[in-house]
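To keep things clear, I will list the structure first and then write my remarks on it.
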Amino acid sequence: MKRKKIIIITFRFPFPLNKGDKLRIYYQIKYLAQYHNIYLISLNTESAIKKNEKKELEKFCQEVHIINLNIYTRVINVAKAFVNKEPLQVGYFYSKTAHKKIHNLIQNINPDYYYSQLIRTSKYLKIYDNNIIDYMDAFSKGVKRRVNKFPAWLKPIVKYEAKIIEQYETNIFKHFNQHSIITKNDRQHINHSDSKKIKVIPNGVDTNYFKPMDNSSKAYDIIFVGNMNYPPNIDAAMYICNKIKPIIDRNYKKCKILIGGTNPNKKIKALQNNDIKVSGWVDDIRSIYSVGKVFVAPMFIGTGLQNKLLEAMAMGVPCITTKLANKALLANTSQIMISNNEKEFAHTCINILKNPKKAEKIKNEALKFVRSKYDWNEINNNLNLMFK
């Protein structure tokens, strides 16, 4: 296959790997760079990108361009998006100045393909031929699920945004030649007559990096990992500590919990006590997975495939999650345990903590499952076929 020139636009810089969207695009770029020339354009609404972070992507890309969007521009464009009945998040990441810069880069690079990460960057690339959009998740469905988490005065705005996102997800379809999404379940929520043409490209896990570690001192009964400023993860951590833990404490023993991951907010930090540790950012997330006896992911809202479950399974940690989260994962009950309320979660945890042989069996089945179905190389080979 002849090497193609591919422009990839991301709504934030894909390093460090502290969020699911960064993980996905990072491993996609890393794989595609073996076969094509990658030109990365990253929008930036956060702090300045460090030199070593930029260098990490320069290892794989011909060029790396960062376009900063200032707060004034973002506020103005969110207001314009509201008036124009576009999703606020699309407005937030759009700027005419950025669009001109991207247009000039495209003129200079003359790419064969254009790859848009999420609907958030779609306005920049929708006019070009050979363009691809990675929806990742059905955002509209995720927003709908979170409506009740907002204060009463905000609910009408969030409901309106969910409706506008749903319309945008449908309307943007026709502007792209090819489309991808993480799960079949999310694909069903893209309300377009040709939605079955959207290619399912799951998330994967680097099974050479995430693998069982020799660690006999499993200091924590329960672990949970995630971006701890993201509402579904905040809810999950609170649920583990406030709903599941008291039942385990009463019926088995005082359990030790470790909550790991970047940006813990005040609510999460306040959970810390003698039995609960909140680590915050760690340089190597494997140090969290390796000290836990059970990984618990009570995900009741949110969409897409949970990277945290793939990583925990690859690290050889028995996992318990919800029916909703497993809709994307599609593991069977020999590979993962399913619970749907605090009593079920607590008693499943106790069962695993009391039965090391059962834990070992589930761990081994889960390992085989992720290695056969969710290895990044296998998954990204299917992505590569989109750039023929």
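Residue numbers are given in our numbering: position 28 of the sequence shown equals residue 28, and the series is strictly consecutive. Even glycine gets a Cβ: it sits at the ideal position worked out from N, Cα and C.
Leaving aside the five residues that flank Asp194 on each side, none in its chain has a CB nearer than 6 Å to its CB. Taking all protein chains in view, the Cβ of Glu161 is crowded by 16 or more other Cβ atoms within 10 Å, so the residue is classified as buried. Rounded to the nearest whole angstrom, the C-alpha separation of Met315 and Ile336 is 14 Å.
For Lys199, the beta-bridge partners assigned by DSSP are Ser180. At a Cβ-Cβ threshold of 8 Å, Cys319 and Ala346 do not count as neighbours.
Check the Cα spacing between Asn382 and each of His179, Val317 and Ile71: the tightest is with His179.
Residue environment analysis places Val83 among the exposed positions, since fewer than 16 neighbouring C-beta atoms fall within 10 angstroms of its C-beta. A Cβ-Cβ separation of about 5 Å places Leu40 in contact with Ile8 under the 8 Å criterion. Excluding sequence positions up to five before and after Lys159, its CB lies within less than 7 Å of the CB of Val147, all in the same chain and listed in chain order. Going by beta carbons, Phe93 and Phe11 fall inside the 8 Å limit. When DSSP states are grouped into helix, strand and coil, Met136 belongs to the strand group. Inclusion of Lys5 and Ile133 in the CB contact set at 8 Å is not warranted, their separation being larger than that value.
Cα atoms of Asp275 and Lys245: separation of roughly 10 Å, rounded to the nearest angstrom. Look at the beta carbons and you see the region 251-266 touching the region 202-220: at least three pairs across the two are nearer than 8 Å.
Taking the Cα of Asn227 as reference, the smallest distance to any Cα among Ile201, Lys343, Val282 and Lys30 is reached at Val282.
With respect to Tyr115, Tyr128 sits apart: the two C-beta atoms are not nearer than 8 Å. Counted as a single uninterrupted DSSP element, the beta strand (DSSP E) harbouring Asp221 occupies residues Tyr220 to Val225. Going by DSSP, Phe345 is part of the alpha helix (DSSP H) stretching over Glu342 to Lys354. Between the region 56-63 and the region 23-43 there are three or more C-beta pairs closer than 8 Å, enough to call the two in contact.
The bridge partners DSSP lists for Glu63 are Tyr39. Look at Cys319 here: in three-state DSSP terms it is strand.
Non-local beta-carbon contacts of Leu367 in its own chain, meaning distances under 8 Å to residues more than five positions away in sequence, involve Pro212, Met313, Ala314 and Gly316 in chain order.
Within the same chain, no residue comes within 6 Å of Tyr72 by CB-CB distance, once the 5 residues on both sides are set aside. Between Pro151 and Ile379, the C-beta spacing is not below 8 Å. The beta carbon of Met299 sits closer than 7 Å to those of Pro232, Ala236, Gln306, Thr321, Thr322, Leu324 and Ala325, all from its chain and outside the five residues before and after it, given in chain order. Its Cα nearest to that of Ile182, the residue Met136 stands out among Asn191, Tyr239, Met136 and Lys163. Residue state for Ser279 is assigned as strand, using DSSP reduced to three classes.
Counted as a single uninterrupted DSSP element, the stretch harbouring Tyr31 is not any beta strand (DSSP E) but the alpha helix (DSSP H) occupying residues Gly20 to Leu32.
At a Cβ-Cβ threshold of 8 Å, Leu125 and Val205 do not count as neighbours. In this structure, Arg145 is the residue among Asn229, Asn177, Ile157 and Arg145 with its C-alpha nearest to the C-alpha of His189. Lys123 places its beta carbon less than 8 Å from that of Val90. Met1 and His192 have their C-alpha atoms spaced approximately 32 Å apart. Closest in C-alpha terms to Asp214, from the list Ser334, Asn44, Gln272 and Val291, comes Val291. One alpha carbon belongs to Ile102, the other to Ser287, and they sit about 39 Å apart. A direct Cα-to-Cα measurement between Glu86 and Asn377 gives close to 36 Å. Per the coordinates, the alpha-carbon of Ala328 lies some 23 Å from the alpha-carbon of Pro14.
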